[in-house]
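Let me begin by presenting the structure, written as structure tokens, before commenting on it.
Residue numbers (my numbering): 18 to 521.
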């Protein structure tokens with residue numbers, strides 16, 4: 018036990034593996050009581066024979082579980098030498114007996130030697146009756162040693178925080194709410210563990226990926242954003258607990274459910290599996306799951322999730338303020354993911370394809386809604402472009418205004434293969450960073466004909482957003498998917514609007 022990881026959340030599954038590898042038991046499970054509530058056990062690790070059956074119930078609510086039996090038993094020890102002689106086994110032990118052939122059990126409360134309330138429990142199992150060597154005179158010495166070592170781990174604040182987070186995921190009313198609770202919980206957990214503000218994204222693979230399948234990429238929408246459509250259940254009621262937005266091909270479209278946490282919304286993007294960071298680590302083409310409208314990303318780490326050696330998806334850790342050396346916080350990143358994978362699998366129960374179907378339904382609804390949407394609602398009055406000031410090798414500069422303040426707006430010329438789209442008033446194109454008038458400039462970009470050009474633009478925006486110097490303008494905003502809507506004041510000023518989803 019002394020050779021385990023110094024990170025408590027990494028050491029707990031290592032301890033379960035060690036018990037099984039040393040031949041002390043065929044099954045080892047470690048449960049922590051969330052928020053000190055003995056009626057709410059959270060499984061943090063399972064190893065050995067029957068681990069898959071044990072992992073199907075991450076949240077153990079009520080008195081009918083092995084961990085609670087140990088907490089209530091005299092001496093904190095509950096033993097079943099031969100399961101065939103017991104008519105009423107705890108729920109988890111009964112499942113292990115039927116599905117994994119476990120014949121003898123022992124549950125040991127993990128508590129201070131001086132007494133007091135248990136922090137958790139160690140669950141042990143063997144396929145042989147009496148195979149654990151437990152007798153009426155007390156547990157073997159190695160069991161007491163293991164419980165003492167685990168006590169030091171369960172005392173860590175990171176373990177208590179992880180248990181609370183997993184409890185929130187498991188208790189969410191539906192899968193969408195569970196995903197929102199997961200992302201909020203991980204973001205808060207990483208802040209406490211690393212003192213680094215991070216946004217979190219969740220990618221889920223369809224059941225037939227990797228291959229020609231699809232990826233659902235979830236993230237929390239910015240605070241104060243609105244979502245016009247509701248994600249509803251089959252009976253028409255709101256899918257409570259979370260709200261979200263859906264997009265395809267790099268565009269975000271919205272759906273809304275009940276409020277999650279402090280009113281946060283969940284953004285969903287449906288992507289082809291090929292070309293994502295999940296599918297390949299290095300590529301000349303940018304991964305479509307890297308850039309997002311929800312929040313800027315200074316650096317990115319992707320940690321895959323596996324359940325019973327099967328890929329479930331990945332958690333994206335995105336520091337927002339400044340680039341982060343992930344090597345310094347590697348243990349914190351890796352430690353939180355295995356428990357999340359178990360909790361998410363418990364909540365989804367293998368119904369990821371059904372979640373894909375719900376997203377597809379909302380997408381179709383949003384397409385129909387966007388066709389009915391009044392174009393007047395899409396006008397962006399903050400930006401206006403008027404007379405040309407000058408031209409250069411990198412574009413044309415116009416006079417104009419941003420939020421009623423005078424500004425110089427630079428129009429980025431289109432690539433040769435995209436010359437059909439002019440980067441001047443009257444033509445369509447993406448609107449790039451807009452800068453304050455006092456500092457001198459904004460940028461209007463023509464539509465990009467390749468992912469490489471889009472990455473170049475994104476890198477320029479990333480640099481401008483981080484550099485601070487008296488002689489360099491500061492980046493304040495980026496508006497994408499904009500076209501000229503109309504001319505004002507006798508055709509001398511162009512007004513822009515966003516392109517609706519269904520519009521070419």
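Backbone N, C-alpha and C fix where the C-beta goes; we use that ideal spot for every residue, glycine too.
Listed in chain order, the alpha helix (DSSP H) runs fully inside the stretch 67 to 94 are 68 to 72, 83 to 89, counting runs of at least 4 residues. Ranked by Cα distance from residue 123, the first of 146, 96, 111 is 96.
Look at residue 186 here: in three-state DSSP terms it is helix. Put simply, the backbone Cα of residue 336 is about 10 Å away from that of residue 343. Our two residues, residue 206 and residue 362, have alpha carbons roughly 20 Å apart in a direct line.
In this structure, DSSP gives residue 146 a state outside helix and strand, which the three-state scheme calls coil. Annotation for residue 161: no beta strand (DSSP E) segment contains it, though the alpha helix (DSSP H) segment containing it runs 158 to 171. Taking C-alpha positions only, residue 63 is separated from residue 180 by approximately 15 Å. In terms of Cβ geometry, residue 196 and residue 164 do not form a close pair [threshold 8 Å]. The three-state reading of DSSP puts residue 321 in strand, counting E and B together.
Cβ atoms of residue 120 and residue 100 come within 8 Å of each other, at about 5 Å. The way I'd put it, the stretch 204 to 220 doesn't touch the stretch 60 to 78; fewer than three beta-carbon pairs between them come closer than 8 Å.
Scanning 24, 22, 80 for the CA closest to the CA of residue 50 turns up 80.
With three or more CB-CB distances shorter than 8 Å, the stretch 36 to 44 counts as touching the stretch 104 to 119. Boundaries for residue 105: no beta strand (DSSP E) harbours it, and the DSSP string shows neither H nor E there. Excluding the 5 residues flanking it on each side, residue 175 has same chain C-beta neighbours closer than 7 Å at 25, 26, 210, in chain order. Annotation note: the stretch 20 to 62 contains the following uninterrupted alpha helix (DSSP H) runs of length 4 or greater, listed N- to C-terminal: 25 to 38. Sequence-distant Cβ neighbours of residue 346 in its own chain, meaning closer than 6 Å and more than five residues away, are 211. Residue 120 carries a coil assignment under DSSP once its states are collapsed to helix, strand and coil. Relative to the Cα of residue 213, the nearest Cα in the group 316, 83, 40 belongs to 316. Annotated three-state conformation of residue 125 is strand, per DSSP. For residue 210, no beta strand (DSSP E) run applies; the uninterrupted alpha helix (DSSP H) run containing it begins and ends at 192 to 211, by DSSP.
The distance from the Cβ of residue 141 to that of residue 149 is about 6 Å, consistent with a contact at the 8 Å cut-off. Residue 365 sits in a helix when the DSSP states are folded into three classes. No residue range can be given for residue 223, since it is assigned to no beta strand (DSSP E) and is classified by DSSP as neither H nor E.
Residue state for residue 355 is assigned as helix, using DSSP reduced to three classes.
Following the DSSP letters along the chain, one finds residue 331 inside the beta strand (DSSP E) bounded by residues 327 to 336. By the CB criterion at 8 Å, residue 70 and residue 113 fall inside the cutoff. Taken atom to atom, the span from the alpha-carbon of residue 108 to that of residue 338 is near 46 Å. Residue 217 and residue 208 have their C-alpha atoms spaced approximately 11 Å apart.
Taken through DSSP and simplified to helix, strand or coil, residue 342 comes out as coil.
In the DSSP assignment, residue 408 is bridged to 413. Note on geometry: alpha-carbon atoms of residue 194 and residue 320 lie some 22 Å from one another.
Around the CB of residue 135, 16 or more other CB atoms lie within 10 Å, so the residue is classed as buried. Of the candidates 351, 412, 168, 327, the residue whose Cα lies closest to the Cα of residue 133 is 168. A distance below 8 Å separates the beta carbons of residue 78 and residue 57.
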